[in-house]
Structure formats: structure tokens, C-alpha cells
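*Asks:* 2 is the number of the first residue of the sequence shown in the numbering used here; add one for each residue after it.
Below is a structure I'd like to ask you about.
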Amino acid sequence: MSIAYSRWPKNFEEAYRKAGYWSDEPLTQMIEDQVESNPNSVAIIDGERQVTYLELDQMANTLAIYLDQQGVKRFDTALVQLPNCLEFYVTYFALLKLGVAAVNAFFHQQALEISAYVEQLAPSLLIVSPEHELFANQEFVSGLKTASTSIETILSLKACDYAVSMQDILYSADHKIIENPSFDQASDADEVAFFQLSSGSTGLSKLIPRTHNDYLYSVRKSVEVCGLDQDTRYLCALPIQHNFPMSSPGALGVFYAGATLIIAQSSEPIHCFELISKHQVNMTALVPPAVALWLDAAPEHQAKLKSLKLLQVGGASFAEAQARLVSQVLGCQLQQVFGMAEGLVNYTRLDEELNYTTQGRPMSEADEVRVVNQACQEVAVGQIGMLMTRGPYTFRGYFNSPEYNQSSFDAEGFYCSGDLVQQDALGNIKVVGRVNEQIKRGHETLALHEVENLLLKHEAISQVALVAVPDAELGEKSCAFLVLKNKDIKPLVIRKHLVSLGIGKDSLPDAFQFLSNMPLTPVGKIDKQALKTQALKVI
Ligand code: J2J
2 MSIAYSRWPK
12 NFEEAYRKAG
22 YWSDEPLTQM
32 IEDQVESNPN
42 SVAIIDGERQ
52 VTYLELDQMA
62 NTLAIYLDQQ
72 GVKRFDTALV
82 QLPNCLEFYV
92 TYFALLKLGV
102 AAVNAFFHQQ
112 ALEISAYVEQ
122 LAPSLLIVSP
132 EHELFANQEF
142 VSGLKTASTS
152 IETILSLKAC
162 DYAVSMQDIL
172 YSADHKIIEN
182 PSFDQASDAD
192 EVAFFQLSSG
202 STGLSKLIPR
212 THNDYLYSVR
222 KSVEVCGLDQ
232 DTRYLCALPI
242 QHNFPMSSPG
252 ALGVFYAGAT
262 LIIAQSSEPI
272 HCFELISKHQ
282 VNMTALVPPA
292 VALWLDAAPE
302 HQAKLKSLKL
312 LQVGGASFAE
322 AQARLVSQVL
332 GCQLQQVFGM
342 AEGLVNYTRL
352 DEELNYTTQG
362 RPMSEADEVR
372 VVNQACQEVA
382 VGQIGMLMTR
392 GPYTFRGYFN
402 SPEYNQSSFD
412 AEGFYCSGDL
422 VQQDALGNIK
432 VVGRVNEQIK
442 RGHETLALHE
452 VENLLLKHEA
462 ISQVALVAVP
472 DAELGEKSCA
482 FLVLKNKDIK
492 PLVIRKHLVS
502 LGIGKDSLPD
512 AFQFLSNMPL
522 TPVGKIDKQA
532 LKTQALKVI
């Protein structure tokens, strides 16, 4: 039995095929194409290790054969939790070859999330790393196995005492390399290829079924829009499983273009600067909090950044003041990316001013975007409203979540992302906040991002996040969390700065908190939920 998911209505499927958006090829096709035309080009560099396209394909085959022999089969599901490493993509393609749909948990995720994924997906296969504290010994695994009887096979990235090590399988002489083995399990392109994770600002992530057809289209189109070619040398500095560094155009875009992926352990600036210089990286992608750290660290390391041509920034709002610093401080072009694991991806198209002031426009002419008010009516061009979208690579429902899906989609299948946006007549989108992230203080409704933007105009401030907390008198109050550069400044100075930029007294933050680091989500976005909890204690 195949994995059930909310399909596109038949007439949409037909239209997407007819227009050529859906090519009915599996995601593994991109590797096979490179093996055919480009076998000895370097596909991945990870530390001292590098593999060509041919080697990557052979490693994926070796792993797939091993799993096949263990009885892992088409339509099984898997939970994979690996750090940034070469084996992540070996596993990714091995499972695709077998038709096994995996959820790729972030390496920073802990027992709560891992147990929830196992419960929702009932995986038969676990692929984990003993370097993660949960999997350092057998205890947690035993608990999972008791809670979920589905688990049959466990592989670990490195040697450990409760599972077979993937490295033994991949590098031992016992496992012969077989070229092009044919698994009768090979997937159909409209089946679930794997599950992405929602970034949901409240509660646990939901599972997003992504099919070969829809995901491959999003990668292909991203490669076209971003202009990747064989000379692209892309640094994966974000968590490897996140949708942005995987598909926008990310690692899969790199493979599709026959280019080279360089894997960083994290987005820590000095580590990444070394890799950029050593491997002549010309493209990378970051979330805004990481950009702030790069901007602080770059002036002393200019020489290492010479090869970098393009920095993509997305995942959370990127203040205009910082956007303007990118080319000046890092010496490369900026591209803003507004995407979501559920589908829709927007890119700025290298127009200077739009690069700083918008988050781009939909990458495909087939993306349908509506900006609507509370009553679900479209607002006038340029007005703020909620983003609704559907299209050939935007999903039609979370896995096994009928009730949640009811409230996330309208009757016509448009997905409501919860983002508040403005769209101009040419389709360019500006993200101004999230539906549940506005502050209603007395009679004022505050656009959080605007205040954040103004705060960032102060030279001493490196990072900022404004959050709302309930208040008996005013409805809500706001607390500004700030990370300073190296200078010390007092709240009074910051208030004066905001007033000088034209903010009304009623809109000033009610409290200021200074932090040395922002709390971050697994992908490195500012964790506003954690800040709200903290704000409740000070207001
Ligand atoms: C403001 N908010 C943004 C942006 C995402 C490419 C890039 C990012 C993601 C991603 C992705 C934003 N400005 N430029 O999957 O393929 C916020 C929005 C959005 C949510 C999605 C990709 N870019 N956001 O971040 O699923 O609120 O995907 O709905 O993790 O991040 O988060 P996620």
C-alpha cells in the first residue's frame, strides 16, 4: 500500500503535467543524469572527504542494497537524524531508490520531537548518530522500540553497541559495489518521496509530504532562477535537512546542475570563512541571525571571502538596514528568499533596490498567490493581508492531520501560511509579520518588523527581536530583546533613537532586555516562543 497523502485534484495534476511542471521523474534522476554525463566531477566535499557523482551514486546503491537485504521495502517509512555530513545525502538517495519515505529530523531536536515523529510515522527504520546525546547509548532507543513496535532496523552513523554502523556498510570490502542495481521498489513520481518538517511557531512540527514531482519541479525552477551551473560551489552552512539548503536551490539544486556541495558543520562564521577560502565557495545561504554574526566577523577576514559571489538570505525577516550591509561588508550579491517547507518559494531577482526592500516574488508563473483579509477577501494591491497560495509544488495537506488541514486551507485548496504580507503590482512580496505576531497595544496595532528595522538602524545594535505579552490594562505590551555589538547603551538612548526616527511614544517598547546571544530554533531562526516566555518574567 502506498503512503496516503492529500493529492492535488485530478484536473490540477493533469494541468501540471501538461505544462511540463511535473516531469514524472524520480528525484534520483538528477544523480543518474550526472553519473551519465559528469561521473568524475566532485559532488560533495565534507572535511577531508570528497566524493564524485559516480561515488555518491555507488554509495547510495551500497546502502540501498544492504537495507533491501534487511527487508526494508517500498512504502516503509524511516526516521533519519544526522548532523551535517556526506552520509546525509547518501542516505537520502538510498532511501529514495528504495521508495522509503523518511522524515529528516534536525540534529538539535530532542526526545519530544523524535518521539512525536516516531508516533506519527511508525517508521520501520531508524538512522541515527551515536554522537547525539539521545543515541549515545541504548536507553532511548529501547524506549522508542517499546513505544512503537514498528521499528525493525536501526543503523548508526558511526560504530555503537546497539546498531550496525553505516560506515561499516559503506566502506567495508564485504559490500561489493554494484552499479545500477534495479530495485523493483522504485518509486512513482507522484508518490511521497519524503517528509519535510513545518516550522510552526507553536507546538511540534507537522509532517509535510513532498512528492518526487512537486519537489523536483521546485529544485529545477530554483536552479533556473538562481542561475546555478557546473561551476557553482555551494556551501551548506544551515542544517542540511532544512528545506532552504536542500531545495532553494540548495544541495539538490547543486546536484541537478552537476555542481559541488561543500558541507559546513554549522554557520559559525570563522569555520565557514575557512571553508569558503579553502574550497573557493561562490554561493551560500543563511538565516538572518547568522548573517548578523557574519557581518560582525567579516571585517577581519575579508581576504577569505573573495570567491563568494552570492549570499541568499531567508527563513525570517531580514531588516533592510542589514540587507544593505551585505554587499558592502561581505563583498557579494544578496538574494532574499522567502520560502516555506510547505512549498511556495520567492526569490528576489538581483534588482538592487528590490533586493533590499522585498523578499522576492514567486519563482514560478504557476504559483498562485492571494493576499486576503480576515474575511478571506483579496485586499487591494500594496495592502497588508494574509498570504494564501497554491501551485505545482505547494502541498495540499499535512500528513494525517485532517483537523489541522481544515483550518490551514480554504475551500479552493489555497494554503494559509500565517504570514502577513504586502504584494506590489509586479508580484514582489514584503513580509511584514505573522498573523499571531502583531502587537495590539491600547488602540495601536504595531508592525513588529518596522520597530525591529528602526532599532537595527542604531549602530550599536547587532540583533533584535520584539515580542508581545498579554497585559491586563493595554491588551498587550512589547518587550525588545537586543544583542549589542561591543558598545554598551542604555534603554533611554534607544528610546531617543526610536523617537528621532519618528516612532510615536505609545509605540515604544515597554521593556528592553539585553542578551549576549538570541535563543535560536533548530534551523537558527530567532526563537520567539522562548523570548515570549522570558518576556513574561520581566513585564
Ligand atoms: C520573512 N519570513 C520568512 C523571509 C521564510 C527557502 C527559504 C526559507 C525557507 C523557510 C524555506 C522568510 N522573510 N525571507 O523553506 O525553501 C518565514 C515565514 C514562512 C516560514 C517558513 C525555503 N522566509 N520566512 O524558512 O518552513 O513565516 O522555511 O512561512 O522553515 O518562515 O519556514 P520554513
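Yeah, the Cβ is synthetic: ideal placement off N, Cα and C, and Gly gets one too.
For the beta strand (DSSP E) that contains residue 347, what are its first and last residues?
*Replies:* The residue you call residue 347 lines up with position 346 of the sequence shown. Note, residue 347: beta strand (DSSP E), 344-348.
*Asks:* Which term fits residue 257, buried or exposed, when burial requires 16 or more other beta carbons within 10 angstroms of its beta carbon?
*Replies:* Taking the first residue of the sequence shown as 1, we reach residue 257 at position 256. So residue 257 ends up on the buried side.
*Asks:* Does the distance from the CB of residue 466 to the CB of residue 481 come in under 9 Å?
*Replies:* Here residue 466 corresponds to residue number 465 of the sequence shown, with the count starting at 1. Here residue 481 corresponds to residue number 480 of the sequence shown, with the count starting at 1. Yes, these two residues count as a Cβ contact at 9 Å.
*Asks:* Based on Cα-Cα distance, which residue from 68, 457, 33 lies nearest to residue 170?
*Replies:* Translated into positions along the sequence shown, residue 170 becomes position 169. Among 68, 457, 33, the Cα nearest to that of residue 170 belongs to 68.
*Asks:* Which residue marks the beginning of the alpha helix (DSSP H) containing residue 325, and which one marks its end?
*Replies:* Counted from its first residue, the sequence shown places residue 325 at position 324. It spans 321-326 - the alpha helix (DSSP H) in which residue 325 sits, taken as one unbroken run.
*Asks:* Quick one: what's got a C-beta closer than 7 Å to residue 335's C-beta in the same chain, skipping five residues either side?
*Replies:* Locating residue 335 in the sequence shown gives position 334, counting from the first residue. So the list reads 312, 314, 324, 327, 328, 356, once near-sequence residues are dropped.
*Asks:* Does the Cβ of residue 274 lie closer than 8 Å to at least one heavy atom of ligand 3?
*Replies:* Ligand 3 is not part of this structure, which contains only ligand 1.
*Asks:* Given this structure, state the Cα-to-Cα distance separating residue 215 from residue 149, to the nearest angstrom.
*Replies:* Here residue 215 corresponds to residue number 214 of the sequence shown, with the count starting at 1. Here residue 149 corresponds to residue number 148 of the sequence shown, with the count starting at 1. Spanning the two alpha carbons is a distance of roughly 31 Å.
*Asks:* Does ligand 1 have a heavy atom nearer than 8 Å to the CB of residue 472?
*Replies:* The residue labelled residue 472 in the question sits at position 471 within the sequence shown. Answer for residue 472: no, Cβ out of range of ligand 1.
*Asks:* Is the segment 388-405 close to the segment 340-355, with three or more CB pairs under 8 Å?
*Replies:* Verdict: yes, contact present.
*Asks:* Whole angstroms are fine: how far does the CA of residue 196 sit from the CA of residue 243?
*Replies:* Here residue 243 corresponds to residue number 242 of the sequence shown, with the count starting at 1. Here residue 196 corresponds to residue number 195 of the sequence shown, with the count starting at 1. When rounded, the distance between both Cα atoms is 11 Å.
*Asks:* Could you tell me if the beta carbon of residue 268 falls within a distance shorter than 8 Å of some heavy atom in ligand 1?
*Replies:* Within the sequence shown, residue 268 is the residue found at index 267, counting from 1. No, Cβ of residue 268 sits at least 8 Å from all heavy atoms of ligand 1.
*Asks:* Taking the runs of the alpha helix (DSSP H) that are 4 residues or longer, which of them lie wholly in the segment 354-412?
*Replies:* You should have 403-409.
*Asks:* Following the continuous beta strand (DSSP E) through residue 46, name the residue where it begins and the one where it ends.
*Replies:* Position 45 of the sequence shown, counting from 1, holds the residue named residue 46. 43-47 is the span of the beta strand (DSSP E), which, as asked, contains residue 46.
*Asks:* Does the distance from the C-beta atom of residue 348 to that of residue 390 stay below 9 Å?
*Replies:* Translated into positions along the sequence shown, residue 348 becomes position 347. Translated into positions along the sequence shown, residue 390 becomes position 389. Not closer than 9 Å, so no.
*Asks:* Alpha carbon to alpha carbon, how far is residue 198 from residue 523? Give it in angstroms, no decimals.
*Replies:* Stepping through the sequence shown from its first residue, residue 523 is reached at position 522. Stepping through the sequence shown from its first residue, residue 198 is reached at position 197. C-alpha separation (whole angstroms): 11 Å.
*Asks:* Beta-carbon separation of residue 484 and residue 477 under 9 Å?
*Replies:* If you number the sequence shown from 1, residue 484 lands on position 483. If you number the sequence shown from 1, residue 477 lands on position 476. In this structure, residue 477 does not lie closer than 9 Å to residue 484 by Cβ.
*Asks:* Less than 8 Å between the CB of residue 207 and some heavy atom of ligand 1, yes or no?
*Replies:* Position 206 of the sequence shown, counting from 1, holds the residue named residue 207. Every heavy atom of ligand 1 is 8 Å or more from the Cβ of residue 207, so no.
*Asks:* Excluding sequence positions up to five away, which residues of its chain have a Cβ less than 8 Å from the Cβ of residue 205?
*Replies:* For this step, residue 205 is matched to residue 204 along the sequence shown. Closer than 8 Å at Cβ, skipping near neighbours: 113, 114, 117.
*Asks:* Whose CA, out of 63, 31, 489, lies closest to the CA of residue 88?
*Replies:* Position 87 of the sequence shown, counted from the start, is the residue given in the question as residue 88. Out of 63, 31, 489, 63 has the C-alpha closest to the C-alpha of residue 88.
*Asks:* Cβ atoms of residue 289 and residue 526: under 9 Å apart, would you say?
*Replies:* Your numbering for residue 526 matches position 525 in the sequence shown. Your numbering for residue 289 matches position 288 in the sequence shown. Yes, Cβ-Cβ distance for residue 526 and residue 289 is below 9 Å.
*Asks:* Please determine whether the Cβ atom of residue 221 lies at a distance below 8 Å from any heavy atom of ligand 1.
*Replies:* Indexing the sequence shown from 1 puts residue 221 at position 220. Because no heavy atom of ligand 1 lies under 8 Å away, the Cβ of residue 221 does not count as near it: no.
*Asks:* Compute the minimum distance between the beta carbon of residue 258 and the heavy atoms of ligand 1, and state whether it is under 8 Å.
*Replies:* The count along the sequence shown starts at 1 and reaches residue 258 at position 257. Checking every heavy atom of ligand 1 against the Cβ of residue 258, none is found closer than 8 Å.
*Asks:* Going by the CB atoms, is the gap between residue 264 and residue 85 shorter than 9 Å?
*Replies:* For this step, residue 85 is matched to residue 84 along the sequence shown. For this step, residue 264 is matched to residue 263 along the sequence shown. Cβ atoms of residue 85 and residue 264: closer than 9 Å.
*Asks:* For residue 534, is the classification buried or exposed, using 16 other Cβ atoms within 10 angstroms of its Cβ as the cut-off for buried?
*Replies:* As a position in the sequence shown, residue 534 is number 533, starting the count at 1. Looking at its Cβ environment, which holds fewer than 16 other Cβ atoms inside 10 Å, residue 534 is exposed.
*Asks:* Within this structure, are the beta carbons of residue 193 and residue 155 separated by less than 9 Å?
*Replies:* Mapped onto the sequence shown, residue 193 falls at position 192. Mapped onto the sequence shown, residue 155 falls at position 154. Going by C-beta atoms, residue 193 is not nearer than 9 Å to residue 155.
*Asks:* Going by CA-CA distance only, name the one from 252, 292, 159 that's closest to residue 220.
*Replies:* Residue 220 sits at position 219 when you count from the first residue of the sequence shown. The candidate whose alpha carbon is nearest that of residue 220 is 252.
*Asks:* Closer than 8 Å: is that where the CB of residue 62 sits relative to any heavy atom of ligand 1?
*Replies:* On the sequence shown, residue 62 is found 61 positions in, with the first residue counted as 1. Result no, Cβ not under 8 Å from ligand 1.
*Asks:* Out of 270, 269, 272, 250, which has the shortest C-alpha to C-alpha gap to residue 262?
*Replies:* In the sequence shown, residue 262 corresponds to position 261, counting from 1. Cα-wise, what sits closest to residue 262 is 250.
*Asks:* Could you give the distance in angstroms between the alpha-carbon of residue 38 and the alpha-carbon of residue 71?
*Replies:* Reading the sequence shown from its first residue, position 37 is the one you call residue 38. Reading the sequence shown from its first residue, position 70 is the one you call residue 71. If you take the alpha carbons of residue 38 and residue 71, they lie about 32 Å apart.
*Asks:* Taking 8 Å as the cut-off, does the segment 379-389 touch the segment 39-52 (at least 3 CB pairs, one atom from each stretch)?
*Replies:* In short, these stretches do not touch, since the Cβ pair count stays below three.
*Asks:* Could you have a look at residue 108 and say whether DSSP puts it in helix, strand or coil?
*Replies:* Translated into positions along the sequence shown, residue 108 becomes position 107. Residue 108 falls in the coil class under three-state DSSP.
*Asks:* Would residue 45 and residue 90 be called neighbours here (beta carbons separated by less than 9 Å)?
*Replies:* Your numbering for residue 45 matches position 44 in the sequence shown. Your numbering for residue 90 matches position 89 in the sequence shown. Yes, the pair counts as a contact, with Cβ atoms nearer than the cut-off.
*Asks:* Who are the near neighbours of residue 520 in its chain, counting only those whose CB is closer than 6 Å to its CB and skipping five residues on each side?
*Replies:* Reading the sequence shown from its first residue, position 519 is the one you call residue 520. So the qualifying residues of the chain are 528, 531.
*Asks:* In this structure, does DSSP put residue 557 in helix, strand or coil?
*Replies:* In the structure displayed, the chain extends from 2 to 540; residue 557 sits before or after that span and is not available.
*Asks:* Locate the beta strand (DSSP E) running through residue 469, then write down its first and last residues.
*Replies:* Along the sequence shown, read from residue 1 onward, the residue named residue 469 stands at position 468. Where residue 469 is concerned, the enclosing beta strand (DSSP E) stretches over 462-472.
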